[in-house]
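S.K.:
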Amino acid sequence: MHVIVTGGSSGIGLSVAKLYAGRGDRVTLLARDLTRLEEAKAEIGSVPGVDISHIQIASVDVALAAQLSSLVESCEMSFGPCDVLIASAGVVEPMAFDAMPASVFDEQVTINLLGTANAVRAVYKGMKSRRRGKIMMISSGAALIGIFGYTAYCASKSALSGFAEALSTEASACGVQVSICFPPDTLTPQYRREVALRPVEADVLMGSVKPWSAEKVAARIVHGLDRGRGRIHFGFSLTALAYLGSFIKPPIFWWFSLKTRKIIEKESTKSLVHPSDRGFDHGK
């Protein structure tokens with residue numbers, strides 16, 4: 004079996020790739036950074052029982068549809084038709100909307116949404132013609148509830164839900180399985196960078212939930228794909244949001260509004276305090 008993983012150089016994508024490689028499947032890792040891809044290949048190759056000749060890597064930007072399609076075609080010539088696509092490439096840049104440059108907003112929508120669509124497009128026609136294949140789109144728990152500072156990320160990840168649902172209605176008759184998952188905060192290199200940038204208001208809502216390991220998330224994704232699940236959720240809170248969001252979210256947003264006002268009032272009070280009152284002595 005040939006598994007293609009976008010965003011496969013780290014995080015969830017890399018952990019999923021390890022699981023399939025450990026089964027003896029041929030795995031293609033796609034990402035932008037060639038150095039990180041080489042490191043990822045070596046890491047997978049060090050797993051006991053993995054044949055490193057069954058791992059191939061290629062540097063590509065998923066935002067470039069034509070380039071991605073051409074590269075996938077080349078990878079399929081080497082390892083055979085794609086049986087499973089894991090569309091894991093994504094980016095998050097938390098920032099209040101009015102402080103976020105348009106380019107930063109656009110990048111998240113382009114990579115998270117359009118990049119996923121480009122990856123799907125590159126394998127979908129072949130899967131339809133063979134009447135088999137599995138596609139997994141990696142969304143986020145942030146797709147299930149609006150989060151302060153995550154306007155672009157929430158928009159792009161929630162859009163994947165509509166894309167996956169609509170595509171599944173087209174694909175099911177052709178034997179192609181389209182799935183989507185909504186991972187929680189996951190301990191990845193990107194998560195560590197994200198937390199450093201996360202607004203304090205967002206931390207009120209998200210910081211109390213312990214992040215999952217990438218390995219645990221990957222195991223649930225692969226297990227769900229094996230069982231033919233169309234939607235995969237993680238933990239009680241996110242599962243409840245997915246199925247009972249219309250009832251749960253109003254009180255959450257009410258509570259969050261109160262917390263946010265207190266934070267804003269506290270920051271405003273700080274800004275009104277004279278520097279000399281804060282213990283600063285500008286004469287030194």
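For what it's worth, our numbering labels the leading residue of the sequence shown as 4, then goes sequentially.
C-beta atoms are modelled at their ideal positions from N, C-alpha and C, and glycine is treated no differently.
Quick check: Pro97 and Leu200, are their CB atoms within less than 8 angstroms of each other?
M.R.: Yes, the Cβ-Cβ distance between Pro97 and Leu200 is below 8 angstroms.
S.K.: Roughly how many angstroms lie between the CA atoms of Lys137 and Gln180, to the nearest whole one?
M.R.: Cα-Cα distance, rounded: 5 angstroms.
S.K.: Roughly how many angstroms lie between the CA atoms of Ile255 and Val203, to the nearest whole one?
M.R.: Whole-angstrom Cα-Cα distance: 17 angstroms.
S.K.: At a cut of 8 angstroms, does the region 20-33 reach the region 103-117 through at least three beta carbon pairs?
M.R.: Contact between the region 20-33 and the region 103-117 is absent, because fewer than three Cβ pairs lie under 8 angstroms.
S.K.: How long is the line joining the alpha carbons of Glu110 and Val94, rounded to whole angstroms?
M.R.: Taking the straight line from one Cα to the other gives about 8 angstroms.
S.K.: Please classify Ile267 as buried or exposed, where buried requires at least 16 neighbouring CB atoms within 10 angstroms.
M.R.: Looking at its Cβ environment, which holds fewer than 16 other Cβ atoms inside 10 Å, Ile267 is exposed.
S.K.: Say whether the region 16-28 touches the region 51-59, bearing in mind that this needs 3 or more beta-carbon pairs closer than 8 angstroms, one atom from each stretch.
M.R.: The answer is yes - the region 51-59 touches the region 16-28, with three or more Cβ pairs under 8 angstroms.
S.K.: Which value, in whole angstroms, describes the spacing of the CA atoms of Phe166 and Pro186?
M.R.: Each residue's alpha carbon lies about 17 angstroms from the other.
S.K.: Fully enclosed by the region 106-133, which alpha helix (DSSP H) runs are 4 residues long or longer?
M.R.: Those alpha helix (DSSP H) runs which fall completely within the region 106-133 and span 4+ residues are 118-133.
S.K.: Quick check for students: name the residue ranges of the beta strand (DSSP E) that lie wholly in the region 178-208, counting only runs of 3 or more.
M.R.: 179-184, all fully within the region 178-208.
S.K.: Looking only at DSSP bridge pairs, what is Met139 linked to?
M.R.: Per DSSP, Ile89, Ser182.
S.K.: Tell me which same chain residues have a C-beta within less than 7 angstroms of the C-beta of Lys297, skipping the five on either side of it?
M.R.: One cannot answer for residue 297 here, as it falls past the ends of the chain, which runs 4 to 287.
S.K.: Whole angstroms are fine: how far does the CA of Leu17 sit from the CA of Ala45?
M.R.: So the alpha carbons of these two residues sit roughly 11 angstroms apart.
S.K.: Alpha carbon to alpha carbon, how far is Ala174 from Ser49?
M.R.: If I take the Cα positions, the gap works out to 37 angstroms.
S.K.: What's the C-alpha gap between Phe239 and Ala158?
M.R.: C-alpha separation (whole angstroms): 23 angstroms.
S.K.: For Ala162, which residues from the same chain have a beta carbon less than 6 angstroms from its beta carbon, with the 5 sequence-adjacent residues on both sides left out?
M.R.: For Ala162, where only same-chain residues beyond five positions count, the Cβ hits under 6 angstroms are Leu116.
S.K.: Could you check the C-alpha separation between Asp54 and Gly231 for me, to the nearest Å?
M.R.: Going by the C-alpha atoms only, they are around 27 angstroms apart.
S.K.: Can you tell me which of the three DSSP states Val63 falls into?
M.R.: Val63: coil per DSSP, three-state reduction.
S.K.: Taking the CB atoms as reference points, tell me whether Ile15 and Ala217 lie closer together than 8 angstroms.
M.R.: Their beta carbons are under 8 angstroms apart, which means Ile15 touches Ala217 by this criterion.
S.K.: Distance check for Tyr246 and Glu258, CA to CA, integer angstroms please.
M.R.: It should be noted that the sequence gives Trp, not Glu, for residue 258. Their backbone Cα atoms lie some 20 angstroms apart in a straight line.
S.K.: Tell me the DSSP secondary structure of His236 in three-state form.
M.R.: Note: His236 maps to coil in three-state DSSP.
S.K.: For Ser142, verify whether its CB is less than 7 angstroms away from any heavy atom of the ligand PLP.
M.R.: Among the ligands in the structure shown, none appear at all, so the ligand PLP cannot be discussed.
S.K.: When the distance is taken between beta carbons, is Thr154 closer than 8 angstroms to Phe100?
M.R.: For Phe100 and Thr154, yes; Cβs fall inside 8 angstroms.
S.K.: Which of the three DSSP states is assigned to Arg29 in this structure?
M.R.: Here Arg29 sits in strand by DSSP.
S.K.: What is the C-beta distance between Ala20 and Ile47, in whole angstroms, given that I count them as a contact (C-beta under 8 angstroms)?
M.R.: Indeed they touch by this definition, with Cβ atoms about 6 angstroms apart.
S.K.: Which term fits Ala105, buried or exposed, when burial requires 16 or more other beta carbons within 10 angstroms of its beta carbon?
M.R.: When all chains shown are included, Ala105 counts as exposed.
S.K.: Do you know offhand how far Ala205's Cα is from Arg133's?
M.R.: Whole-angstrom Cα-Cα distance: 45 angstroms.
S.K.: Is it buried or exposed for Leu71, if we count other Cβ within 10 angstroms and need 16 for buried?
M.R.: The residue is buried, with at least 16 neighbouring Cβ atoms inside 10 Å.
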